[in-house]
Structure formats: C-alpha cells, structure tokens
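Engineer: The structure is given below, and queries will be raised subsequently.
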C-alpha cells in the first residue's frame, strides 16, 4: 500500500510519541479520509515513537493483506 499524500503529511505533522488512539483521534479531528483512518485503526495498540515506525507497520500490514489470498489458495 502506498501511503496517500494526506496520510503521509498527517504522520509528518503528528507529535510523537503517539498511541494508536492518539492517531485516530487526531485523524478524525483533521478530517482524514475513511481509508486513511481505517489503516490507522489496523495498527497495534501501542505507543509509536516516530512516523517511520508507523509507515513500517502500515507497509507490513499491506504486505500481509496482499499475500493472504495467495496463502489461502495454496492451502
């Protein structure tokens, strides 16, 4: 998943450390699109120390989603 420019800018402007709940609250306040907020909702409930860590987790989630159908077909 490529980050939307809106989500990328949001993460760059966010104050850290931030929990998933902090991210979701600020995303709603900022009016981020539903898809962006859904991606943040899928993050683990933890504190994130920097935007790069969130980008990493979002990329991992997207890769897992992309590979999931292939693994189901192989079974």
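In our numbering, the protein residues as written are 4 to 78. Glycine included, each C-beta is placed from N, C-alpha and C at the ideal position.
Within the segment 14-59, note down every full alpha helix (DSSP H) run reaching 4 residues or more, in order along the chain.
Structural biologist: Qualifying alpha helix (DSSP H) stretches, in chain order: 23-33, 37-44.
Engineer: Below 7 angstroms CB to CB, which residues in the same chain sit around residue 9 once its five sequence neighbours on both sides are set aside?
Structural biologist: Taking the first residue of the chain shown as 1, we reach residue 9 at position 6. Closer than 7 angstroms at Cβ, skipping near neighbours: 35, 36, 39.
Engineer: So, with DSSP's three-state summary, where would you put residue 10?
Structural biologist: Taking the chain shown and counting its residues from 1, the one referred to as residue 10 is at position 7. Residue 10 falls in the helix class under three-state DSSP.
Engineer: Is residue 30 closer than 8 angstroms to residue 43 when the C-beta atoms are compared?
Structural biologist: What you label residue 43 is simply residue 40 of the chain shown in a count that begins at 1. What you label residue 30 is simply residue 27 of the chain shown in a count that begins at 1. Yes, these two residues count as a Cβ contact at 8 angstroms.
Engineer: Write down the C-beta distance between residue 47 and residue 32 rounded to the nearest angstrom, noting that I regard them as a contact closer than 8 angstroms.
Structural biologist: Stepping through the chain shown from its first residue, residue 47 is reached at position 44. Stepping through the chain shown from its first residue, residue 32 is reached at position 29. Incorrect: roughly 22 angstroms between the Cβ atoms, too far for contact.
Engineer: Can you tell me which of the three DSSP states residue 5 falls into?
Structural biologist: As a working mapping, residue 5 is identified with position 2 in the chain shown. Reduced to three states, the DSSP call for residue 5 is coil.
Engineer: Would you call residue 21 buried or exposed, if buried means 16 or more other Cβ atoms sit within 10 Å of its Cβ?
Structural biologist: Taking the chain shown and counting its residues from 1, one reaches residue 21 at position 18. So residue 21 counts as buried.
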